[in-house]
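Chains as they are written, first to last, in full-length UniProt numbering: chain A, 1 to 175; chain B, 1 to 854.
What follows is the structure, encoded as structure tokens:
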């Protein structure tokens with residue numbers, strides 16, 4: 001914002017009387033060094049934030065499997081994996097890795113309130129680290145255009161109280 | 001005619017130091033005009049429209065057609081906004097909605113932006129560089145017809161309801177046969193590839209014209225900045241379009257013949273498509289931005305009554321952008337599961353490319369500071385550009401930050417960002433450029449007031465529409481959804497966006513009306529109404545097809561448009577008039593523009609239209625699924641190209657021409673440095689990137705792709721012998737052609753080298769056919785088999801073309817047309833032959849490495 005304002009002000013000031021300018025100061029000072037400085041700061045910040053949200057350490061693994069045009073999920077239960085359609089169950093307050101796959105075309109797993117998105121690509125398995133801070137229901141959707149019913153390809157993530165994990169029934173107690 | 005042109009053939013060729021070229025004696029301007037006009041003008045009536053090859057006519061036609069497609073794309077955008085205005089839009093069904101947004105993107109990219117910049121460059125460059133036409137006038141016309149016919153195929157599909165609906169980047173496997181069984185995706189692949197012929201031909205043409213047609217003494221380091229921008233653009237097009245064309249060809253082969261390049265079940269990889277597509281798609285953004293920046297760098301200093309600040313730095317920034325933009329494609333794929341180190345690298349590269357942009361922006365602002373800016377209509381659009389593009393650039397930096405990208409990727413935020421960049425960075429500068437050059441193109445003055453009204457409608461409408469979409473995207477609205485019944489909180493924003501979208505449309509309609517009024521009813525404009533210094537204004541309005549009655553030497557280039565105009569019209573420059581009744585231009589050296597020879601350009605012809613029609617027959621047969629008939633359509637294509645080449649031969653009257661007192665230039669360059677040769681080198685450069693992309697595909701499928709293991713292919717002795725024989729035969733031809741050439745150049749007959757080369761090529765082609773049909777594993781079995789077959793087919797195609805090249809030279813030898821200085825066809829055949837040999841050797845090595853790696 002400040003940068004945009006600065007450019008606007010400079011353009012506006014340009015409409016004054018002609019004045020002598022130093023080419024080097026504008027082209028190299030502003031064009032090269034100033035922009036490089038700003039960009040480096042942003043890049044460092046980005047790498048730092050990016051590093052923090054990368055998967056570090058072990059996490060609970062759940063699976064998300066996409067197909068045209070629905071999601072099926074599975075999470076570890078008391079007796080082996082429990083599968084569910086359209087609803088992903090995770091525990092709140094601890095890191096979860098979603099292993100994302102697809103049967104047919106490219107989809108993308110995205111829960112806006114929980115973090116970034118990751119594509120579901122046929123033939124590959126992608127990993128996305130999530131963490132829900134508190135129990136609740138979060139909306140999720142397919143974020144890569146995948147054909148006719150793309151817009152209807154929604155799902156829910158239910159984050160359970162860690163004390164009640166794993167949930168007893170596939171539906172689980174709605175928090 | 002009182003021309004001193006009765007050139008004695010034995011005048012010694014003077015050393016051509018451009019600085020010391022004397023002026024020709026002045027003549028009557030009107031007489032010169034009549035003489036030139038008779039030679040250069042288009043034929044009258046409809047026939048003239050079909051046979052025109054003039055860059056002025058074709059440049060205008062490209063731009064008008066591009067604006068018509070812009071209108072169609074805009075109408076589609078209005079349909080999208082109408083659908084999204086309410087949560088439960090019942091206006092379009094989902095399938096139609098998908099087709100409409102796919103076509104909106106494809107039309108704006110391939111049928112508006114690229115042809116628009118090609119048209120502007122084709123129209124302006126010869127005028128700015130001080131010459132009479134582009135290097136290959138018939139190629140300009142061919143490009144136009146391919147563009148028009150390809151565009152019509154896409155529009156016809158839209159009207160018939162079978163337009164592609166897979167999104168404008170056509171991700172596989174969604175665009176594969178299984179999930180898109182109709183011909184919709186084929187329409188995109190074949191139609192867009194057909195249109196790309198025009199992009200490639202324009203790139204070759206602009207490249208060669210900028211490097212070799214500049215007026216004598218106009219050094220590379222002195223040429224107008226617009227030419228530098230277009231040189232960068234042309235280079236990027238030559239390197240950027242081949243990966244897209246390759247991707248389209250491979251995907252079409254998968255759809256038509258089941259070669260599983262992108263099918264994960266048979267070892268293919270959907271990510272290969274994404275790599276190939278964005279390898280084109282990201283440079284594409286800069287291909288679009290550079291010409292627009294070129295307009296800004298041209299217009300801003302003149303409207304500020306000063307010189308541009310930092311010419312050298314801007315040139316460096318252009319070159320930096322050309323290189324950096326090819327290192328960025330992965331940033332469209334941040335969410336596909338790329339290793340994190342690679343993400344950090346591409347994130348940094350994405351940010352680095354902002355530096356050359358910043359250099360240019362600050363150079364423009366410094367120019368504003370140094371001069372006295374005048375708030376004319378083009379300046380309004382330039383301010384619109386600053387306002388919009390800087391905001392788009394900032395959201396771009398936000399998107400380059402990986403964590404943010406994961407959040408905003410594929411939301412309305414991205415849609416908003418790309419419209420800020422494309423409309424801010426391309427459309428506003430282009431509108432400024434159109435307003436700027438309209439007096440040149442129409443020869444008339446603008447109607448007052450309308451243009452300003454259009455500007456404010458467009459500006460307010462644009463920001464109203466897209467600023468709000470940032471917010472909608474941050475609230476989580478994904479792209480490409482037709483309805484959002486469960487998210488009532490998005491309604492108000494969407495409704496406002498739709499409202500302002502229609503405001504913007506009113507603005508564009510006003511702009512179009514303004515142009516029509518100006519072209520039809522404006523008052524005659526004075527010459528050079530902006531008092532610009534560049535050569536594009538040193539001519540009558542609207543310009544005659546020949547641009548300049550005589551070509552400006554260094555003195556007239558530095559005199560400025562005002563002073564040069566009269567001297568040029570009176571024939572005081574070089575090569576005045578058309579006393580020999582031929583279309584003559586000067587060819588100069590690449591670096592310092594030392595005059596080298598006089599080139600004779602082709603006259604009006606219907607051949608480009610016929611060739612484009614023949615190619616469209618091939619495309620339509622492929623679309624109809626008549627794969628066995630389609631190759632038959634190649635027969636007229638080859639025949640027409642043959643006729644094309646025969647008509648391009650050097651004139652029989654090759655008497656050297658005195659272009660200025662004491663400066664006598666040959667019609668045929670002694671060293672073979674013809675324009676055709678430069679064009680062939682450019683084509684081979686593009687061909688080389690195509691080949692490199694194919695090798696990248698081979699490596700990617702063999703090494704990176706998951707999926708079922710590659711079945712072994714134990715290449716037996718027959719295969720080894722056959723490939724060895726192919727290489728030996730191609731090498732034999734590659735040795736034979738230079739031998740024949742040296743015979744010709746020393747005044748002898750071609751000798752055995754030529755027929756031997758022809759026979760060797762034919763035999764190599766036959767062997768490759770036998771190998772491909774009989775010995776290679778079935779290409780539908782596994783992607784590795786498919787890509788191997790594709791490589792062999794690539795070599796086969798080159799051997800076939802080499803056969804045709806040698807056949808053409810053989811035919812010339814039979815007719816006795818090969819003579820010293822007239823053996824261009826033989827020389828170019830040799831070049832093609834060497835490339836073919838190299839490609840075959842690299843292919844063999846790559847296939848061997850593929851087997852060795854398993």
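Ideal placement from N, C-alpha and C gives every residue a C-beta, glycine not left out.
It should be emphasised that the depicted structure is a prediction, and the values quoted were computed from it without experimental measurement.
For a cutoff of 9 Å on Cβ pairs, would you count residue 8/A as touching chain B? It does; some Cβ of chain B falls within 9 Å.
Look up residue 42/A in the DSSP assignment and say whether it is helix, strand or coil. helix
Exposed or buried, what is residue 49/B when buried is set at 16 or more other beta-carbons lying within 10 Å of its beta-carbon? exposed
Tell me, please, whether the region 656-668 of chain B touches the region 592-607 of chain B by the rule of three or more beta-carbon pairs shorter than 8 Å. yes
To which residues of the same chain is residue 568/B closer than 7 Å at the C-beta, ignoring the five residues directly before and after it? Here the set comprises 538, 548, 549, 550, 552 and 556.
Between which two residues does the alpha helix (DSSP H) holding residue 146/B run? 137-159
With a threshold of 9 Å between beta carbons, is residue 14/B in contact with chain A? Caution applies to residue 14/B, whose pLDDT of 47 falls short of 50 and renders its modelled position unreliable; the model cannot decide the point.
Less than 9 Å between CB atoms is the rule here; does residue 411/B satisfy it with respect to chain A? yes
Do we get a CB-CB distance below 9 Å when we pair residue 348/B with the residues of chain A? Yes, residue 348/B counts as interfacial toward chain A.
Applying the 10 Å Cβ sphere with the 16-neighbour rule, what's the burial state of residue 653/B? exposed
Residue interval of the alpha helix (DSSP H) (run including residue 680/B): 675-699
How about residue 536/B: is its C-beta nearer than 9 Å to some C-beta of chain A? The beta carbon of residue 536/B does not come within 9 Å of any beta carbon belonging to chain A, so the residue lies off that interface.
The region 373-386 of chain B: positions lying closer than 8 Å to chain A by Cβ: 373, 375, 383 and 386
Between residue 146/B and chain A, is the shortest Cβ-Cβ distance under 9 Å, so that the two count as touching? no
For residue 847/B and chain A, any beta-carbon pair shorter than 9 Å? no
Short-range partners of chain B found in the region 26-58 of chain A, where Cβ spacing is below 9 Å: 26, 27, 28, 29, 30, 31, 32, 34, 35, 36, 38, 39, 40, 42, 43, 45, 46, 47, 49, 50, 51, 52, 53 and 54
Residue 71/B lies in the alpha helix (DSSP H); which residues open and close that run? 55-84
Ordered along the chain, which non-local residues of its own chain (more than five positions away) have a Cβ less than 8 Å from that of residue 333/B? 271, 274, 275 and 278
Are there any heavy atoms of the ligand HEM lying less than 8 Å away from the beta-carbon of residue 702/B, as far as the coordinates show? The ligand HEM is absent from the structure shown, which contains no ligands of any kind.
Give me the Cα-Cα distance between residue 15/B and residue 595/B, rounded to the nearest whole angstrom. With a pLDDT of only 48 at residue 15/B, under 50, the local geometry of the prediction cannot be trusted, and the value read off the model is given with reservation. C-alpha separation (whole angstroms): 10 Å.
Using a C-beta to C-beta distance shorter than 7 Å, which residues of chain B count as neighbours of residue 159/A? In chain order: nothing, as chain B lies at least about 18 Å away.
Those runs of the beta strand (DSSP E) which lie wholly inside the region 772-819 of chain B and span at least 3 residues: none
Look at the alpha carbon of residue 525/B and the alpha carbon of residue 445/B, and state the distance between them as a whole number of angstroms. Rounded to whole angstroms, residue 525/B and residue 445/B show a C-alpha spacing of 5 Å.
For chain A, is any of its Cβ atoms less than 9 Å away from the one on residue 184/B? no
Pairwise C-alpha distance: residue 2/A and residue 8/A: 10 Å
With a cut-off of 9 Å, does the C-beta of residue 310/B fall near any C-beta of chain A? yes
Boundaries (first-last residue) of the beta strand (DSSP E) holding residue 452/B: Segment 450-474 is the alpha helix (DSSP H) holding residue 452/B; no beta strand (DSSP E) there.
When the Cα atoms are used, what is the spatial distance from residue 44/B to residue 33/B? Note on geometry: alpha-carbon atoms of residue 44/B and residue 33/B lie some 18 Å from one another.
Helix, strand or coil for residue 549/B per DSSP? coil
Which residues in the same chain as residue 88/B place their Cβ atom closer than 6 Å to its Cβ, once the five residues preceding and following it in sequence are excluded? 483 and 485
Expressed to the nearest angstrom, what Euclidean distance is found between the alpha-carbon atoms of residue 123/A and residue 703/B? Here the C-alpha atom of residue 123/A lies approximately 14 Å from the C-alpha atom of residue 703/B.
Since residue 636/B and residue 104/A are thought to touch, with beta carbons under 8 Å apart, how far apart are those beta carbons, to the nearest angstrom? With a Cβ gap of about 41 Å, residue 636/B and residue 104/A do not count as contacting.
Contacts around residue 506/B, its chain only, beta-carbon distance under 8 Å, and the 5 residues preceding and following it disregarded: Residues 457 and 461 of the same chain have their beta carbon placed closer than 8 Å to that of residue 506/B, with the five preceding and five following residues left out of the count.
Within chain A, the residues that residue 269/B reaches when beta carbons sit closer than 8 Å: 123
Nearest-angstrom Cα separation, counted from residue 101/A out to residue 150/A: Rounded to whole angstroms, residue 150/A and residue 101/A show a C-alpha spacing of 17 Å.
Which residues in the same chain as residue 841/B place their Cβ atom closer than 7 Å to its Cβ, once the five residues preceding and following it in sequence are excluded? For residue 841/B, where only same-chain residues beyond five positions count, the Cβ hits under 7 Å are 727.
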